[in-house]
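Engineer: Heads up: take any position in the first sequence, counting from 1, add 189, and you land on this note's numbering. Positions of the beta carbon are idealized from the N, C-alpha and C atoms, including for glycine. For clarity, every value in this text was computed on a predicted model and none was experimentally measured. One structure is given below, represented as structure tokens, and several questions about it will come after.
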Amino acid sequence: MPRKKKTAKPKPVKVRDPTTGEEVELVPIKVWLLAPKSRGRKGVKIGLFKSPKTGKPFRAKVPDDYPEIK
DNA sequence: GCGATCTC
DNA sequence: GAGATCGC
190 MPRKKKTAKP KPVKVRDPTT GEEVELVPIK VWLLAPKSRG RKGVKIGLFK
240 SPKTGKPFRA KVPDDYPEIK
């Protein structure tokens with residue numbers, strides 16, 4: 190597959206918006222792996238989101254298979 | 001507590 | 001720099 194689409198299809202992640210307490214589907218601004226150097230601990234993938242309500246950013250876990258961003 | 005990252 | 005994120 191040939192065809193590099195620059196228009197990626199960002200799959201929305203279901204996350205709990207701490208500002209509203211609502212579970213919403215958002216596309217992360219940034220995603221990275223947060224894990225200790227010490228192996229044996231996998232850590233978690235973290236996404237940076239922005240609350241649609243307040244515009245305030247917050248972090249939440251994203252699925253391990255979610256691609257990193259930026 | 002560790003890990004990276006961001007906004008305040 | 002704090003604080004928040006998650007699982008071990």
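Which residue's Cα is closest to the Cα of residue 205: 256, 240, 222 and 221?
Structural biologist: 240
Engineer: Would you kindly work out how many angstroms separate the C-alpha atoms of residue 246 and residue 238, rounded to a whole number?
Structural biologist: 5 Å
Engineer: What does the Cβ neighbour count give for residue 251, buried or exposed, with the cut at 16 atoms within 10 Å?
Structural biologist: By the Cβ-count criterion, residue 251 is buried, with 16 or more other Cβ atoms from all chains shown falling within 10 Å of its own Cβ.
Engineer: Nearest-angstrom Cα distance between residue 235 and residue 221?
Structural biologist: 6 Å
Engineer: Which of helix, strand or coil does DSSP assign to residue 192?
Structural biologist: Reduced to three states, the DSSP call for residue 192 is coil.
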